[in-house]
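Here's the structure, in structure tokens; my notes come after.
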Amino acid sequence: YAREEDADLVATGTRGRHGENRFLIGSVAERVVRTCPVPVLTVRQLDESEAPARP
């Protein structure tokens, strides 16, 4: 799809992991990163405990 659309970058979200696996990304995002012909930006979703405090 990235080639068909002549994309310069693909962005994808990931839920991320905790503990020992905290640096791993979800299986779909990992597959995109490994197979995509253009650079991929992954953005990890924050947990509620990591979200900024609201005034």
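For the sequence shown, the positions run 1 to 55 when UniProt numbering is used. Using N, Cα and C, we set each Cβ at its ideal position, and we do this for glycine too. Computed from a predicted structure; not experimentally measured.
Euclidean distance between Cα positions of residue i and residue j
i     : j     : result
Arg3  : Pro37 : 7 Å
Val43 : Arg15 : 8 Å
Asp33 : Asp8  : With the sequence shown as reference, residue 33 is identified as Val, and Asp is not the correct amino acid for it. If I take the Cα positions, the gap works out to 14 Å.
Arg31 : Arg54 : 35 Å
Pro45 : Asp6  : Rather than Pro, the amino acid found at residue 45 in this sequence is Gln. Spanning the two alpha carbons is a distance of roughly 27 Å.
Tyr1  : Thr35 : 11 Å
Gly26 : Leu41 : 13 Å
Bounding residues of the alpha helix (DSSP H) (the contiguous stretch that carries residue i)
i     : result
Ala11 : Here Ala11 belongs to no alpha helix (DSSP H); instead the beta strand (DSSP E) covers 10-14.
Ala53 : Taken as a continuous stretch (DSSP letters only), Ala53 belongs to no alpha helix (DSSP H), as it is neither H nor E.
Local Cβ density within 10 Å of residue i, reported as buried at 16 or more and exposed below that
i     : result
Ala29 : buried
Extent of the continuous beta strand (DSSP E) to which residue i belongs
i     : result
Arg44 : 40-44
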